[in-house]
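Chemist: Just dropping this structure here.
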Amino acid sequence: MNFLAHLHLADHCQSHLAGNLLADFVRGDPYRDYSSDVAAGIKLHRFVDSYIDSQPEVRAWRRAFPPDIRRVSGIALDMIWDHYLARHWQTFHALPLAAFVEQARKNVEGFEGNEPDHYRQMTQRMWQQEWLIQYQQVASIHQALERMAIRRPKLSSLAECPPFLAGHYQELEQSFFILYPRLMDASQAFWLTHKEVLLRPEK
1 MNFLAHLHLA
11 DHCQSHLAGN
21 LLADFVRGDP
31 YRDYSSDVAA
41 GIKLHRFVDS
51 YIDSQPEVRA
61 WRRAFPPDIR
71 RVSGIALDMI
81 WDHYLARHWQ
91 TFHALPLAAF
101 VEQARKNVEG
111 FEGNEPDHYR
121 QMTQRMWQQE
131 WLIQYQQVAS
141 IHQALERMAI
151 RRPKLSSLAE
161 CPPFLAGHYQ
171 ELEQSFFILY
181 PRLMDASQAF
191 WLTHKEVLLR
201 PEK
């Protein structure tokens, strides 16, 4: 899952939004550098990533990508899942998408911690360019993949993913409607089960 889904799931679980957004930029034990609520948000993000990657539908879709772009299939899928979430937002949240994004922005920007510079740069671009709103348009997802391919030569094959996503658009959408409610339930169960330990880690 990508930025929008992680923010939505953090809100769904009443976890720390900035912590969940920060997780991709933190390595190792988050409790060393962050407060317990932020570190717990990072742990929830990591659970979401591991859970979705373990699902049989996701594994099957990754195998379905052509061999020459299969290595980056996980990134392409994360992006398209965010598109379906944005496109069908009212199914999953009471607030309109624009209102949720503004609320999330205020929450995330209100956090002052030990954020890496590249996290700050990314979030500034995300809010200013309205990525999360733009995700409603599948063309924006295709363009984002193409931009990533240019910025990161090791991921250059991302530029070849849009035709595959377009060719399986409806089937991927059907998978999303199976996967995302399951992920919401699993995330909430994980959070409720581990919340006290995550928020009060042993020293």
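Each residue of the sequence shown is one higher than the one before, counting from 1 in full-length UniProt numbering.
Ideal placement from N, C-alpha and C gives every residue a C-beta, glycine not left out.
Please identify the residue among H168, S175, L158 whose C-alpha is closest to the C-alpha of G74.
Modeler: Looking up residue 74 in the sequence shown gives position 74. Comparing Cα-Cα distances from G74 to each of H168, S175, L158, the minimum goes to L158.
Chemist: For the alpha helix (DSSP H) holding residue 214, just list the boundary residues, first then last.
Modeler: Residue 214 lies beyond the stretch modelled for the chain, which goes from 1 to 203, so this question has no answer here.
Chemist: If we count the other Cβ atoms within 10 Å of its Cβ and call it buried at 16 or more, is D117 buried or exposed?
Modeler: The residue given as residue 117 occupies position 117 in the sequence shown. Counting C-beta atoms within 10 angstroms of its own C-beta, D117 has fewer than 16 neighbours from the protein chains shown and is therefore classed as exposed.
Chemist: Over what stretch of residues does the alpha helix (DSSP H) that includes D49 continue unbroken?
Modeler: Position 49 of the sequence shown holds residue 49. Unbroken alpha helix (DSSP H) run through D49: 36-54.
Chemist: Would you report the Cα separation of Q121 and A5, rounded to the nearest angstrom?
Modeler: Taking the sequence shown and counting its residues from 1, the one referred to as residue 121 is at position 121. Taking the sequence shown and counting its residues from 1, the one referred to as residue 5 is at position 5. Taking the straight line from one Cα to the other gives about 20 Å.
Chemist: Around the C-beta of K203, are 16 or more other C-beta atoms found within 10 angstroms, so that it is buried, or is it exposed?
Modeler: For the purposes of this step, residue 203 is taken as residue 203 along the sequence shown, with counting starting at 1. Below a pLDDT of 50, predicted positions are generally treated as unreliable, and K203, at 49, falls in that range; the measurement from the model is reported next regardless. With fewer than 16 other Cβ atoms within 10 Å, it is exposed.
Chemist: Under a three-way DSSP split, which group does Q90 fall into?
Modeler: As a working mapping, residue 90 is identified with position 90 in the sequence shown. Of the three classes helix, strand and coil, the one that applies to Q90 here is helix, per DSSP.
Chemist: With a CB to CB cut of under 8 Å and the five nearest residues on each side skipped, what residues in its chain are close to E173?
Modeler: By 1-based counting over the sequence shown, the position of residue 173 is 173. The residues are Y84.
Chemist: Assuming A18 and V108 are in contact, meaning their beta carbons sit under 8 Å apart, how far apart are those beta carbons, in whole angstroms?
Modeler: Taking the sequence shown and counting its residues from 1, the one referred to as residue 18 is at position 18. Taking the sequence shown and counting its residues from 1, the one referred to as residue 108 is at position 108. Separation of the CB atoms of A18 and V108 is rounded to 5 Å, and the pair is thereby assigned contact status at 8 Å.
Chemist: Whose C-alpha, out of R87, H12, S54, is nearest the C-alpha of Y135?
Modeler: Here residue 135 corresponds to residue number 135 of the sequence shown, with the count starting at 1. If we check each option's Cα against that of Y135, R87 comes out closest.
Chemist: Quick check: what's the CA-CA separation for residue 204 versus G110?
Modeler: Shown here, the chain extends from 1 to 203; a query on residue 204 therefore has no answer.
Chemist: Assign C161 to one of three DSSP states: helix, strand, or coil.
Modeler: Looking up residue 161 in the sequence shown gives position 161. Note: C161 maps to coil in three-state DSSP.
Chemist: Less than 8 Å between the C-beta atoms of F65 and F176, yes or no?
Modeler: As a working note, residue 65 is residue 65 in the sequence shown. As a working note, residue 176 is residue 176 in the sequence shown. Not closer than 8 Å, so no.
Chemist: Short of 8 Å in beta carbon distance, which residues of its chain neighbour L155, apart from the five on each side in sequence? Order them along the chain.
Modeler: Here residue 155 refers to the residue found at position 155 when the sequence shown is read from its first residue. Correct list, in chain order: V72, I75, M148, A149.
Chemist: Would you report the Cα separation of R151 and I141, rounded to the nearest angstrom?
Modeler: Here residue 151 is taken as the residue at index 151 of the sequence shown, counted from 1. Here residue 141 is taken as the residue at index 141 of the sequence shown, counted from 1. About 15 Å.
Chemist: Tell me whether H168 sits in a helix, a strand or coil according to DSSP, three-state version.
Modeler: Position 168 of the sequence shown, counted from the first residue, corresponds to residue 168. It is coil, neither helix nor strand.
Chemist: On the premise that M126 lies in contact with L9, defined as a C-beta separation below 8 Å, what is that separation, rounded to the nearest angstrom?
Modeler: Here the question's residue 9 lines up with position 9 in the sequence shown. Here the question's residue 126 lines up with position 126 in the sequence shown. Not quite, the Cβ-Cβ distance comes to about 17 Å (not below 8 Å), so this is no contact.
Chemist: Hey, could you find the ends of the alpha helix (DSSP H) R151 is sitting in?
Modeler: The sequence position of residue 151 within the sequence shown is 151, counting from 1. Run containing R151: 138-151, per the alpha helix (DSSP H) assignment.
Chemist: CB-CB under 7 Å to A40, same chain, minus the five flanking residues each way: which ones, in chain order?
Modeler: As a first step, residue 40 is located in the sequence shown; it is residue number 40 there, counting from the start. Cβ neighbours of A40 beyond the five flanking positions: S15, H16, G19, L198, L199.
Chemist: So, with DSSP's three-state summary, where would you put N107?
Modeler: For this step, residue 107 is matched to residue 107 along the sequence shown. Here N107 sits in helix by DSSP.
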